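Chemist: Every number in this note's numbering is 41 more than the matching position in the sequence shown, counting from 1.
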Amino acid sequence: PGLEVSTVVKGCWQLSGGHRGDRASDRTAGAAAVEDFAAFERAGITTFDTADIYGPSQELIGRYLRSRGGPEGLQVLTKFCCFGPEMRGITKGFVRRGVDASARQLGLPALDLVQFYWHDYGARDYVSAALYLQELREEGRIKHLGLTNFDTARMQEMLDAGARVEMNQVQYSLLDRRPEFRMADFCAANGIALLPYGVAAGGFLSDKYLGVGPEDVKLDTYSKSKYASVIAQSGGWGWFQALLSELNAVARKHGTSITNVAARWVLDKPAVPAIIIGARNAEHVEDHAALGRLALDESDRERIQAVLAEGRAPQSDCYSWERGGRWA
Numbered sequence: 042p043g044l045e046v047s048t049v050v051k052g053c054w055q056l057s058g059g060h061r062g063d064r065a066s067d068r069t070a071g072a073a074a075v076e077d078f079a080a081f082e083r084a085g086i087t088t089f090d091t092a093d094i095y096g097p098s099q100e101l102i103g104r105y106l107r108s109r110g111g112p113e114g115l116q117v118l119t120k121f122c123c124f125g126p127e128m129r130g131i132t133k134g135f136v137r138r139g140v141d142a143s144a145r146q147l148g149l150p151a152l153d154l155v156q157f158y159w160h161d162y163g164a165r166d167y168v169s170a171a172l173y174l175q176e177l178r179e180e181g182r183i184k185h186l187g188l189t190n191f192d193t194a195r196m197q198e199m200l201d202a203g204a205r206v207e208m209n210q211v212q213y214s215l216l217d218r219r220p221e222f223r224m225a226d227f228c229a230a231n232g233i234a235l236l237p238y239g240v241a242a243g244g245f246l247s248d249k250y251l252g253v254g255p256e257d258v259k260l261d262t263y264s265k266s267k268y269a270s271v272i273a274q275s276g277g278w279g280w281f282q283a284l285l286s287e288l289n290a291v292a293r294k295h296g297t298s299i300t301n302v303a304a305r306w307v308l309d310k311p312a313v314p315a316i317i318i319g320a321r322n323a324e325h326v327e328d329h330a331a332l333g334r335l336a337l338d339e340s341d342r343e344r345i346q347a348v349l350a351e352g353r354a355p356q357s358d359c360y361s362w363e364r365g366g367r368w369a
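1) Specify the secondary structure class of Thr297 as computed by DSSP and reduced to three states.
2) Can you tell me whether Phe124 is buried or exposed, with buried defined as 16 or more other CB within 10 angstroms of its CB?
3) Less than 6 Å between C-beta atoms, sequence neighbours within five positions excluded: which residues of the same chain meet that for Gly319?
4) Taking the Cβ atom as the reference point for each residue, do Val206 and Pro220 lie within a distance shorter than 9 Å?
5) Return the Cβ separation of Gly130 and Asp93 in integer angstroms, given the expectation that the two are a contact with Cβ distance under 8 Å.
6) Kindly indicate which residue of Leu101, Val50, Asp90, Gly85 has the alpha-carbon position closest to the one of Ala74.
7) Distance check for Thr87 and Asp358, CA to CA, integer angstroms please.
8) Quick check: Gly58 and Thr69, are their CB atoms within less than 9 Å of each other?
9) Taking the alpha-carbon of Arg305 as reference, which of Ala331, Arg104, Asp67, Met208 has the nearest alpha-carbon?
10) For Leu118, which option in Arg107, Leu149, Arg137, Val136 has the closest C-alpha, if you only look at C-alpha atoms?
11) Can you tell me where the alpha helix (DSSP H) with Gly71 in it begins and where it stops?
12) By DSSP, does Tyr360 sit in helix, in strand, or in coil?
13) Beta carbon of Ile316, beta carbon of Asp248: below 9 Å?
14) State the DSSP-derived secondary structure class of Leu10, mapped to helix, strand or coil.
15) The beta strand (DSSP E) that contains Thr189, what's its start and end?
16) Taking DSSP's pairing of strands, which residues face Ile183 in a bridge?
17) Counting C-beta neighbours from all protein chains within 10 Å, is the total for Glu113 16 or more, i.e. buried, or is it exposed?
18) What is the DSSP secondary structure of Asn322, reduced to helix, strand or coil?
19) Let me check understanding here. Comparing Cα to Cα, which of Val50, Asn190, Glu180, Ser143 lies closest to Gly96?
20) Confirm, please, whether the CB-CB distance from Asn209 to Leu235 is below 9 Å.
21) Skipping 5 residues on each side, what residues in its chain have a beta carbon closer than 6 Å to that of Leu285?
22) On the premise that Val50 lies in contact with Asp90, defined as a C-beta separation below 8 Å, what is that separation, rounded to the nearest angstrom?
23) I'd like to know whether the C-beta atoms of Ala164 and Val136 end up nearer to each other than 9 Å.
24) When you compare each of Gly244, Ala269, Thr262 to Glu256 by their alpha carbons, which one comes out closest?
25) Excluding the 5 residues flanking Met199 on each side, which residues of the same chain have their C-beta closer than 7 Å to its C-beta?
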């Protein structure tokens, strides 16, 4: 409520390092990365998602904001992430310093949205940290408070303690439907938005990989390595190719791309106002902009669901597998 974002959000994990991939198409660093923001803005993609742990991404966004005379008309979503010793005995001063550091790098007097991440649930100060962030919102340093990669039980704890959480950023795609196990219903019941990332699975959910064998896939970025593991968990490469084949049929019917069909499927889910699509460059920006004109019909959803039913339905909450839990 009160924060208007574009339907497609430019994800900036790709600007953190480790995502350079093919040198000819790499625009993840320096002036090239800064220049590409303008192409996204021209296409109506006015919201950028970053984090305090995404290397130089906040500084790159700050450079772009300065180059255009300020942030007017844009929204910057960032994160406050806790790993290691700081998770034990966390203080409001520590939280404030982290928030202020992000504001300095971005060149903003206040942060539009801070999404809170906590790595180890065994260190139970995450509720205190969320309440400290809420106090910073009340002080005007933060405009909106969200979470990222929290499970349902921990979200309930924070709500019970009085934290006014507005959204949770989670991995959600045709390959990863864990939000449907528990999270989506909880968020809908509590007026909390879901902001999905991984919608295109690092580019795997695209025309590029239709008919490609696993031996021909080069895992040359962090993102590809991550989502190759997700494919293995969700059904394997053969099942994935069957999914791409059905998505391609739907895409040809509507004159669009596999990526847009995959993205529209997520956007049509309850409690999802927008999606994050990470980008190493602006090559696909016009395709992303066309997403708003795509409407899937019931027959499209049925043929997609038929393939999903052949995969491994997740039986765990969001991000529990990444924390050492099970997928199914």
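Ideal placement from N, C-alpha and C gives every residue a C-beta, glycine not left out. Model, not experiment: these values are computed from the prediction.
Modeler: This is what the structure gives:
1) Counting from one through the sequence shown, the residue named residue 297 turns up at place 256. DSSP places Thr297 in coil when its eight states are reduced to three.
2) Taking the sequence shown and counting its residues from 1, the one referred to as residue 124 is at position 83. So Phe124 ends up on the exposed side.
3) Residue mapping note: residue 319 aligns to position 278 of the sequence shown, counting from 1. Excluding residues within five positions, the ones whose Cβ falls inside 6 Å are Gly52, Trp54, Gln55.
4) Reading the sequence shown from its first residue, position 165 is the one you call residue 206. Reading the sequence shown from its first residue, position 179 is the one you call residue 220. Cβ atoms of Val206 and Pro220: not closer than 9 Å.
5) What you label residue 130 is simply residue 89 of the sequence shown in a count that begins at 1. What you label residue 93 is simply residue 52 of the sequence shown in a count that begins at 1. Not really, about 20 Å apart at Cβ, beyond 8 Å.
6) As a working mapping, residue 74 is identified with position 33 in the sequence shown. Ranking the options by Cα distance to Ala74, first place goes to Leu101.
7) In the sequence shown, residue 358 corresponds to position 317, counting from 1. In the sequence shown, residue 87 corresponds to position 46, counting from 1. Straight-line Cα distance between these residues: approximately 30 Å.
8) For the purposes of this step, residue 58 is taken as residue 17 along the sequence shown, with counting starting at 1. For the purposes of this step, residue 69 is taken as residue 28 along the sequence shown, with counting starting at 1. Cβ distance < 9 Å, so Gly58 and Thr69 count as in contact.
9) Residue mapping note: residue 305 aligns to position 264 of the sequence shown, counting from 1. Cα-wise, what sits closest to Arg305 is Ala331.
10) Here residue 118 refers to the residue found at position 77 of the sequence shown. Of the listed residues, the one whose Cα sits closest to Leu118 is Leu149.
11) To locate residue 71, count along the sequence shown from 1; it is residue 30. Unbroken alpha helix (DSSP H) run through Gly71: 71-83.
12) As a position in the sequence shown, residue 360 is number 319, starting the count at 1. Coil.
13) In the sequence shown, the residue the question calls residue 316 occupies position 275. In the sequence shown, the residue the question calls residue 248 occupies position 207. Contact: no.
14) The structure shown does not extend to residue 10, since the chain is modelled only from 42 through 369, so no value can be given for it.
15) By one-based count along the sequence shown, residue 189 stands at place 148. Element bounds for Thr189: 186-189.
16) One-based indexing of the sequence shown puts residue 183 at position 142. DSSP lists Leu152 as partners of Ile183.
17) By 1-based counting over the sequence shown, the position of residue 113 is 72. Classification of Glu113: exposed, given that the 10 Å Cβ count is below 16.
18) Taking the first residue of the sequence shown as position 1, residue 322 is located at position 281. Residue state, collapsed to three classes: coil.
19) In the sequence shown, residue 96 corresponds to position 55, counting from 1. That would be Ser143, whose Cα lies nearest to the Cα of Gly96.
20) Taking the sequence shown and counting its residues from 1, one reaches residue 235 at position 194. Taking the sequence shown and counting its residues from 1, one reaches residue 209 at position 168. Cβ distance < 9 Å, so Leu235 and Asn209 count as in contact.
21) Taking the sequence shown and counting its residues from 1, the one referred to as residue 285 is at position 244. Answer for Leu285: Leu251, listed in chain order.
22) Position 49 of the sequence shown, counted from the start, is the residue given in the question as residue 90. Position 9 of the sequence shown, counted from the start, is the residue given in the question as residue 50. Confirmed, Cβ separation roughly 5 Å.
23) The sequence position of residue 164 within the sequence shown is 123, counting from 1. The sequence position of residue 136 within the sequence shown is 95, counting from 1. No.
24) Taking the sequence shown and counting its residues from 1, one reaches residue 256 at position 215. Taking only the C-alpha atoms, the option nearest Glu256 is Ala269.
25) The residue labelled residue 199 in the question sits at position 158 within the sequence shown. Same-chain partners within the cutoff: Val168, Ala171, Val206.
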